[in-house]
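J.: Using the numbering used here, read the sequence shown as starting at 42 and increasing by one per residue.
For glycine and all other residues, C-beta sits at the position ideal for the given N, C-alpha and C.
Got a structure for you, written out below as structure tokens; questions coming shortly.
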Amino acid sequence: MTATPLTSTTSFQALATHAAEAENWEMRQLFAADPQRFERMSIEAAGLFLDYSKNRLDGRTFELLAAVARERGVEARRDAMFAGEKINNTENRAVLHTALRAPRDAKLSVDGQDVPADVHAVLARVKTFTDAVRSGDWLGHTGKPITDIVNIGIGGSDLGPKMVCLALRQYSHPSLTMHFVSNVDGHDMDAALERLNPETTLFIIASKTFTTAETMMNANTARMWFLAHAQEEALAKHFVAVSTNVEAIKKFGIDPANMFPFWDWVGGRYSVWSAIGLPVALAVGFGYFSDFLAGAHAMDQHFRTAPIEQNMPMLLALVGFWNRQFLGCSSVTIAPYHQDLTRFPAYLQQLDMESNGKRVTRDGAPVDTPTCPAIWGEPGTNGQHAYFQLLHQGTDLTPIDFIAALRPAHELQNHHTALLANCFAQSEAFMKGKTIDEVRADLQQDGLSHDEIERLAPHKTFPGNRPSNTILMEYLTPATLGALIALYEHKTFVQGVIWDLNSFDQWGVELGKVLAKQVEAELKGEPRPQAHDSSTNGLIARAKAAV
Ligand code: F6P
């Protein structure tokens, strides 16, 4: 049965009518009209606090948005996901990243597999292995402890572990250095190898499929580099793998005893909770890795049980849907006011854009509304001095998610006060703006002439009324980071259900992969000009001439 197009649903039509009435709403007025707005439009869950009051909507908007979520079956799809139903309908797979952070006594079976038993069996192996490496009991082939760990993977097999290792820097083992090689660009591998000693280096080959071209090329290069310094038998002490593909790992020459498995029901961009998180467990230890899983599980429990109107991921999703659909926002900025979250925007790019960057529904029909906005960002305050100009005065409306910890993990309190001041001031500035009359009054006070005031005033005016969310936590800890990631995972999920997308496949990456293989063959051998357009032929010819 084909789902009703979103714009044909009763709840959407009611929301659209309301949106037309709300078109000229000013947040300044919404705040002035309701002194309780902040209390009404903020929520706490799983160690996180979300303030969504600085958006162009009111209580009625939320009732209508919640009705859309209900009519689209968000709750039923959520329950189906947690229950292990095969909601990834183009790959006929369950979607169970939530099971990776569920306790051992959870009950869940998929195709006869006791999911919690398998998950916890792998976690036990992760613990044994990471304890051995961290304590120095795991020795390299010449008897020295491991000092450097290189994760070779790309996409979900890189972004998650790398982002989390950076974010939990404060919790990291003092004498283990983590490296991440992802790009097929040899500069990436070259830069890493330059700093490594094969006697004390451990490589993790991380790939769900163990077929990804970039990872395979990097893994082979690492292997050759290692074998230039050691015998084949030494590989077992220096190469481990994380994958769902045992056969490919054996073929590569990694001992299956050194393989940490996961399952096809874990999507790459949802896999940091699985053995793909091995670099995290190595860096921070299994105890903190468990806290990270527990933080995500706390958010799962909240998402699973709280009514839509009091459900943090649902609210974040609904605000985002409103901004995308009715305010025409085609991109969203992620602004972590925490330097250790420097890779968080990049992580969310894959999570959100690979999940919901789709143009057909689960049934293959064209969508009838815009879907996922582009996601981008940098840590504050750096972004303020680069692109915030456009966010304040540009012609597009770009909502911002501010993310901050109330307490720092350092003793430079004056830095932290300045950081938070900037974060809160930016959200205020985006909301309030500065009217032309306010600008004129300021300039008059500064003693400028009438002509000068009129010349400068348009440039110094801020339209304001620009939406933002603010997410706060007490400290950035393994648990709050876990909850934060899970919050965005579920936000992405809810939006995907509203748009009726399959958020768990990624066919859009395939065409480029196939063509790259063909072009690579031509770069190495005979060109096939009839296979391409003149631009592609010209580029191939230039590259061949440069060899
Ligand atoms: O090509 C996209 C993708 O499949 C991502 O979804 C995935 O995270 C990445 O490639 C890496 O895949 P793998 O872990 O199988 O190497």
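Using the rule of at least 16 other Cβ atoms within 10 Å of the residue's Cβ for burial, across every protein chain shown, is V313 buried or exposed?
T.: By the neighbour-count criterion, in which a residue is buried when 16 or more other Cβ atoms sit within 10 angstroms of its Cβ, V313 is buried.
J.: Along the chain, where does the beta strand (DSSP E) that runs through T502 open and close?
T.: Counting along the chain, T502 falls outside any beta strand (DSSP E), and DSSP gives it neither H nor E.
J.: For A254, which option in V283, F545, T241 and S223 has the closest C-alpha, if you only look at C-alpha atoms?
T.: S223
J.: Where do the N-terminal and C-terminal ends of the alpha helix (DSSP H) with S544 fall, by residue?
T.: Run containing S544: none; DSSP gives neither H nor E here.
J.: Is V550 near the ligand F6P, with its Cβ less than 7 Å from a heavy atom?
T.: yes
J.: Please classify E395: is it buried, with 16 or more other beta-carbons within 10 angstroms of its beta-carbon, or exposed?
T.: Classification for E395: buried.
J.: Is it buried or exposed for R81, if we count other Cβ within 10 angstroms and need 16 for buried?
T.: exposed
J.: Where are the alpha helix (DSSP H) runs, 4 residues long or more, that stay fully inside the region 340-399, in chain order?
T.: 353-367 and 385-389
J.: Nearest CA to the CA of T593: which residue from H343, D305 and R113?
T.: Outside the displayed range of the chain (42 to 588) lies residue 593, so it cannot be described from this structure.
J.: Among the candidates V373, L98 and G566, whose CA atom is the shortest distance from the CA of V588?
T.: Nearest option by C-alpha distance: G566.
J.: On the DSSP bridge list, what partners appear for L556?
T.: Paired residue(s): none; L556 is not in a bridge.
J.: So what does DSSP say about A260, is it helix, strand or coil?
T.: Correct three-state label for A260: helix.
J.: Under 8 Å, do G125 and L98 count as touching if we go by C-beta distance?
T.: Taking 8 Å as the Cβ cut-off, G125 and L98 do not qualify as a contacting pair.
J.: Rounded to whole angstroms, what's the CA-CA distance from G361 to S248? Just pull it up for me.
T.: 32 Å
J.: Can you name, in chain order, every residue of its own chain whose Cβ lies under 6 Å from the Cβ of I375, other than the five neighbours on each side?
T.: P386, L389, G418 and D442
J.: Is the Cβ-Cβ distance between P519 and Y212 less than 8 Å?
T.: yes
J.: Based on the DSSP output, what are the partners of E85 in its beta bridges?
T.: F90
J.: Just to confirm my understanding: we take L217, look at its own chain, exclude 5 residues before and 5 after, and list those with CB closer than 8 Å. What are they?
T.: Contacts found: V174, R175, I187, T188, D189, I190, L323 and A324.
J.: Per DSSP, A446 forms a beta bridge with which residues?
T.: M514
J.: Please classify H220: does DSSP put it in a helix, a strand, or coil?
T.: In the structure shown, H220 adopts extended strand secondary structure according to DSSP, grouped into three states.
J.: What I want to know is whether the C-beta of E395 ends up closer than 7 Å to one or more non-hydrogen atoms of the ligand F6P.
T.: yes
J.: On the premise that A316 lies in contact with H182, defined as a C-beta separation below 8 Å, what is that separation, rounded to the nearest angstrom?
T.: Actually they do not touch by this definition, with Cβ atoms about 23 Å apart.
J.: Report the CB separation of N133 from F545 in whole angstroms; it is logged as a contact under 8 Å.
T.: Not a contact, Cβ separation roughly 11 Å.
J.: Can you tell me whether G196 is buried or exposed? The criterion is at least 16 other CB atoms within 10 Å of its CB, across all chains shown.
T.: buried
J.: Looking only at C-alpha atoms, which of T521, W66, S52 and G328 sits nearest to E85?
T.: T521
J.: Using DSSP with H/G/I as helix, E/B as strand and the rest coil, what is Q272?
T.: coil
J.: Please work out which residues of its chain come closer than 6 Å, Cβ to Cβ, to G201, disregarding the five sequence neighbours upstream and downstream, and give them in chain order.
T.: V313
J.: Mind checking which residues open and close the alpha helix (DSSP H) that includes Q299?
T.: It is Asn, not Gln, that sits at residue 299 in the sequence shown. It is not in any alpha helix (DSSP H) - N299 carries neither H nor E in the DSSP assignment.
J.: Quick check on the DSSP output: the beta strand (DSSP E) that includes T242 runs from which residue to which?
T.: T242 to A247
J.: Return helix, strand or coil for W306, following the three-state DSSP convention.
T.: coil
J.: Go through its chain and collect everything with a Cβ distance to L137's Cβ below 6 Å, but skip five positions before and after it.
T.: G125 and W306
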